[in-house]
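Here is the structure we will look at.
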Amino acid sequence: DAKTTQPTSMDCAEGRAANLPCNHSTISGNEYVYWYRQIHSQGPQYIIHGLKNNETNEMASLIITEDRKSSTLILPHATLRDTAVYYCIVRVLIQGAQKLVFGQGTRLTINP
Amino acid sequence: EAGVVQSPRYKIIEKKQPVAFWCNPISGHNTLYWYRQNLGQGPELLIRYENEEAVDDSQLPKDRFSAERLKGVDSTLKIQPAELGDSAVYLCASSPGAALSYEQYFGPGTRLTVT
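Right, here's the structure in full:
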């Protein structure tokens, strides 16, 4: 399984952009990068995913480097409700089905 | 649309007692997952169902854990007997199809405390 490395914790001011880095240097060419987040006492929530190109949706943007060895999740205007643990995951296909292998994630705290 | 429903939300039991968790996935979702999340860690997959069939249970401790998904809808995860190390949050997730969907929808989890 491709492993990911994330900082244990980060802080960001409310209203500013939160940039969460992730290293996945052993990623294979056909493996996707996924981001989920987990707010306290809730289950994980899907945010975004990508393969090679940068992606954007209503929640966030995902920037993947050209060599695909690292990526950055960007929350453009962080709010207090974005305080959560953010997981960077490389999806692994096993028996034709996706398998999400979660690491420890980054605990993001948005400060007023 | 209702999300993934789990019950109970919290459970406290003494060691050696049995316990069961229930999950109702999103309507129409064929794939169902059970995860265990230890304190400060990310979720770990225990078992995956495609309809009624358990297609990946390699991480399920089969000596004390069992699961079923009758009729391919609701699922139950059981531990018998529970040990102190089983204290964790047990998460259920579902998706329309394991190979077709990129998103798993998670329930709120059941927090188990074994004393």
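The listed protein sequences derive, respectively, from chains S and Y. Per my numbering, the first sequence starts with residue 6, numbered consecutively. Per my numbering, the second sequence starts with residue 69, numbered consecutively. C-beta atoms are modelled at their ideal positions from N, C-alpha and C, and glycine is treated no differently.
Is the beta carbon of residue i less than 8 Å from the beta carbon of residue j?
i: Y:V87; j: Y:C160; result: no
i: S:Y39; j: S:L113; result: no
i: S:I115; j: S:L85; result: yes
i: S:G48; j: Y:G175; result: yes
i: S:M15; j: S:T111; result: yes
i: Y:A156; j: Y:S143; result: no
i: Y:R132; j: Y:I147; result: yes
i: Y:P183; j: Y:E120; result: Just to set this straight, residue 183 of chain Y is Thr in the shown sequence, not Pro. No.
i: Y:G177; j: Y:Q74; result: yes
i: Y:H97; j: Y:P164; result: yes
i: S:Y51; j: S:Y92; result: no
i: Y:G153; j: S:Q109; result: no
i: S:A22; j: S:P81; result: yes
i: S:K74; j: S:S46; result: no
Verify the CB distance criterion: does residue i have a CB-CB separation below 8 Å to chain S?
i: Y:L159; result: yes
On the premise that residue j lies in contact with residue i, defined as a C-beta separation below 8 Å, what is that separation, rounded to the nearest angstrom?
i: Y:L158; j: Y:R77; result: Position check: residue 158 of chain Y holds Tyr in this sequence, whereas Leu was assumed. About 11 Å; that fails the 8 Å criterion.
i: Y:L128; j: Y:L114; result: 5 Å
i: S:G20; j: S:A83; result: 7 Å
i: S:I120; j: S:N24; result: Outside the displayed range of chain S (6 to 117) lies residue 120 of chain S, so it cannot be described from this structure.
i: Y:I80; j: Y:Y173; result: At roughly 27 Å, the Cβ-Cβ gap does not stay under 8 Å, so Y:I80 and Y:Y173 are not in contact.
i: S:I69; j: S:N62; result: Between S:N62 and S:I69 the Cβ distance is about 15 Å, and since that is not below 8 Å, they are no contact.
Would residue i count as contacting chain Y if we go by Cβ distances under 8 Å?
i: S:L105; result: yes
So with CB distances below 7 Å, who are the chain B contacts of residue i?
i: Y:Q109; result: Here chain B cannot be found, since the structure's protein chains are S and Y.
Residues in the region 39–59 of chain S with C-beta within 9 Å of chain Y's C-beta atoms, listed in sequence order? For chain Y, the residues of the region 39–59 of chain S that bring a beta carbon within less than 9 Å of one of its beta carbons are Y39, Y41, Q43, S46, Q47, G48, P49, Q50, Y51, H54, in chain order.
Stretch-stretch touch, CB-based, cutoff 8 Å, three pairs: the region 44–58 of chain S with the region 6–17 of chain S: no
Residues of the region 77–95 of chain S whose Cβ lies closer than 9 Å to any Cβ of chain Y, in chain order: V90, Y92, I94
Proximal residues, the region 110–142 of chain Y versus chain S, C-beta separation under 8 Å: G110, P111, E112, L113, R116, E118, V123, D124
Mind checking the region 168–183 of chain Y against chain S and listing, in chain order, the residues whose C-beta falls within less than 7 Å of any C-beta there? Y170, E171, Q172, F174, G175, P176, G177
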